[in-house]
Amino acid sequence: EAGVTQSPTHLIKTRGQQATLRCSPISGHTSVYWYQQALGLGLQFLLWYDEGEERNRGNFPPRFSGRQFPNYSSELNVNALELEDSALYLCASSLDKSLVAKNIQYFGAGTRLSVL
Amino acid sequence: GQQVMQIPQYQHVQEGEDFTTYCNSSTTLSNIQWYKQRPGGHPVFLIQLVKSGEVKKQKRLTFQFGEAKKNSSLHITATQTTDVGTYFCAGRNYGGATNKLIFGTGTLLAVQP
């Protein structure tokens, strides 16, 4: 069974540009989460999508947005890129939102975004 | 808002020594999970604790959930070089958004052979 896949692996952009990051969850998982991990730092929660709806968002400006498609894959869009947006962006998926025992998050390998 | 702190931020041990990382939440948690992130890798789920005072073991790793469900610890006995990485705890609030995990600040473990 394929794990969580993210693309691209690396992305280089300049200030002011827009970046689009993609995530495919594990088959059967309906929830997708996005996290930002700046170099040497912890995981900062960005967004949670489930069944196509945004369920929760972290403390990030509106230029961070995303969506979830009917096949449960997801996109993260970052507009008006700033230098401090350079980070590893991790996507995770989970199986079931209602059963605690199954609320384990499986992470993809991430997209390394560099803003020059 | 809720905060989950881990100490220490960094620990360097000699191979064979023990290691412990502590996780403290500002609020009561419904459950806590632990993840390991190898250098250059992504977080990988290790274990979940749900019950107050729960203790679980995985080979050389021992996980505890505090009685008040506000703290947790991970203890590694006789570290090996394969234990190198950052260990994160992640907790969910009672009554909070079901799936929103708050990750701790992480503890980076370095093991010298």
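Protein chains in written order, with my numbering: chain A, -10 to 105; chain B, 34 to 146.
By construction, the Cβ of each residue, glycine as well, lies at the ideal position given by its N, Cα and C atoms.
Computed from a predicted model, the values in this text were never measured in an experiment.
For T95(B), the enclosing beta strand (DSSP E) has its first and last residue at L94 to F98. Counting the other CB atoms within 10 Å of its CB gives G86(B) a total below 16, which places it among the exposed residues.
Below the 9 Å Cβ cutoff, chain A contributes no neighbours of G118(B), its closest Cβ being approximately 13 Å away. Closest option to T3(A), judged by alpha-carbon separation, among E43(A), L70(A), G17(A) and I15(A): L70(A). For G74(B), the nearest beta carbon of chain A is closer than 9 Å to its own beta carbon.
If you compare the alpha carbons of L102(A), S103(A) and N92(A) with that of I80(B), the shortest gap goes to N92(A).
Annotation for V46(B): the continuous beta strand (DSSP E) segment containing it runs Y43 to Q47. Q26(A) is positioned such that its CB atom lies no closer than 9 Å to that of L84(A).
Spanning the alpha carbons of E43(A) and L82(B) requires a straight line of approximately 27 Å. Contact check for G99(B) against V37(B) fails: the beta carbons are separated by 9 Å or more. Taking a contact to require three or more Cβ pairs closer than 8 Å, the region 8 to 20 of chain A and the region 38 to 56 of chain B do not qualify as touching.
Put simply, the CB of F53(A) is far from chain B, with every gap to its CB atoms at 9 Å or more. In chain B, no part has a C-beta under 9 Å from the C-beta of W23(A); the shortest such distance is about 12 Å. From the listed residues L30(A), C80(A) and S20(A), the smallest Cα separation to G139(B) is found for L30(A). Look at T54(B) here: in three-state DSSP terms it is strand.
Counting along the chain, no beta strand (DSSP E) covers N60(A), and no H or E run does either. With three or more CB-CB distances shorter than 8 Å, the region 46 to 54 of chain B counts as touching the region 108 to 122 of chain B. Closest option to G73(B), judged by alpha-carbon separation, among N126(B), L141(B) and P146(B): L141(B). Taking C-beta separations shorter than 7 Å and ignoring five residues to either side along the sequence, the partners of G99(A) in its chain run Q(-5), L77, Y78 and L79, following chain order. Around the CB of T(-2)(A), fewer than 16 other CB atoms lie within 10 Å, so the residue is classed as exposed.
Around the beta carbon of K90(B), fewer than 16 other beta carbons sit within 10 angstroms, so the residue counts as exposed.
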